[in-house]
């Protein structure tokens, strides 16, 4: 009897324990940990990124306009030169003699013309006097005709002498230009890239002596795909990052024929302000287009949206989630989408949205630190 009572007592205690535990579990409400994302400032800017290569704004092959013997070279490859610097010169003796000969010929022709002008002027004055006498019937027509003939001849001789003088002057100017062309000068400030001949050689007119580049107004070349080509029309800002510093650019020319690989269309940009950068440098070019239609759009992870009678996200408010409908504007790169319907500082659930229900209790998920091996602490 005592044995039975003992087991009844034990059984009663177990039932009470089980019932008590059951009531405790029913009163517990599971709080799901979720990864959260805080909405940042509204974004209305779309960026296009390219790798740009800098090339000189001007590239020139320098040569003499006249043939001759190359006497002196004053600069070497890689030298920086200023506009007007004499880079090389030809032997001048022959051109100097030629210049002197044409100068003498021109001076003689000029003096001859001045003499003819004096003769013509005197003949005209004499004719004017004879004309008055003839009109007064004080002289015969024969005298009048003789003086008129002499005046015409003097004028014709003066005009002929003027033509000779002009021809001699042209020869003299050409000789002066040839003498001046014995010096090869830098057409602008820049750098000498290549030297093709040495001193003492005979060069023809047009034979390259140097190649030269200018970096006072360098250009940037990029390749743009067909899908991005139309977007260049609405670009608001173009900049290039070189060694951590941004430089503003503007679009100079858009090519409408693909490159030799038929992959991209060439686009040429130029710097808004003067810049000194070596030819061949490269950097990241960023083009930004500001949307005028979606001024309240924000960027969020694509994993935060779910479909349920529209496109939605879970707003995290006071420890629970509330469904919020959003509109997708565009899909960006790296798993980011552009949406409207959210405000700055809104907090949303970043992932696992399909496991939640309206007004479910949640708590921020805290990732375990590297030192917390196994997530035990």
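In the working numbering, the protein residues as written are 7 to 383. All C-beta atoms, glycine included, are put in the ideal place defined by N, C-alpha and C.
- Between the segment 198 to 214 and the segment 74 to 90 there are three or more inter-stretch CB-CB distances shorter than 8 Å, so the stretches are counted as touching.
- Taking 4 residues as the shortest admissible run, the segment 131 to 210 contains the following complete alpha helix (DSSP H) segments, listed from N- to C-terminal end: 147 to 186.
- Per the coordinates, the alpha-carbon of residue 36 lies some 14 Å from the alpha-carbon of residue 327.
- When rounded, the separation of the alpha-carbon atoms in residue 223 and residue 276 is 7 Å.
- Counting every other CB atom within 10 Å of its CB across the protein chains shown gives residue 46 a total below 16, marking it as exposed.
- For residue 96, the uninterrupted beta strand (DSSP E) segment begins and ends at 92 to 96.
- Just so you know, the alpha carbons of residue 112 and residue 171 end up roughly 6 Å apart.
- DSSP lists 291 as the beta-bridge partner residues of residue 56.
- Inter-residue distance for residue 108 and residue 119 is about 16 Å (C-alpha atoms, whole angstroms).
- In chain order, 39, 40, 41 and 42 place their CB closer than 8 Å to the CB of residue 371, counting only its own chain and leaving out the 5 sequence neighbours on each side.
- For residue 233, the enclosing alpha helix (DSSP H) covers residues 232 to 235.
- DSSP, read as helix, strand or coil, puts residue 99 in helix.
- Residue 260 counts as exposed, since fewer than 16 other beta carbons sit within 10 angstroms of its beta carbon.
- Contact between residue 68 and residue 81 is absent: CB atoms are separated by about 11 Å, not below the 8 Å threshold.
- By the CB criterion at 8 Å, residue 122 and residue 167 fall inside the cutoff.
- Here the segment 304 to 322 lies against the segment 342 to 353, with 3 or more beta-carbon pairs under 8 Å apart.
- Between residue 55 and residue 292, the C-beta spacing is below 8 Å.
- Judged by beta-carbon spacing, residue 341 lies beyond the 8 Å limit of residue 331, meaning their Cβ atoms are not closer than that value.
- Look at residue 85 here: in three-state DSSP terms it is coil, with no helix or strand label.
- If you look at residue 74, you'll find it in the beta strand (DSSP E) that goes 74 to 79.
- Ranked by how close their Cα comes to the Cα of residue 199, the residues 263, 219, 359 and 188 have 219 in first place.
- DSSP lists 342 as the beta-bridge partner residues of residue 307.
- Of the other Cβ atoms in all chains shown, 16 or more fall within 10 Å of the Cβ of residue 359; this residue is therefore buried.
- The Cβ neighbour count for residue 52, taken over all protein chains shown within 10 Å, is at least 16; the residue is labelled buried.
- Non-local beta-carbon contacts of residue 237 in its own chain, meaning distances under 7 Å to residues more than five positions away in sequence, involve 54 and 295 in chain order.
- Where residue 328 is concerned, the enclosing beta strand (DSSP E) starts and stops at 326 to 331.
- Between residue 225 and residue 70, the alpha-carbon positions lie close to 28 Å from each other.
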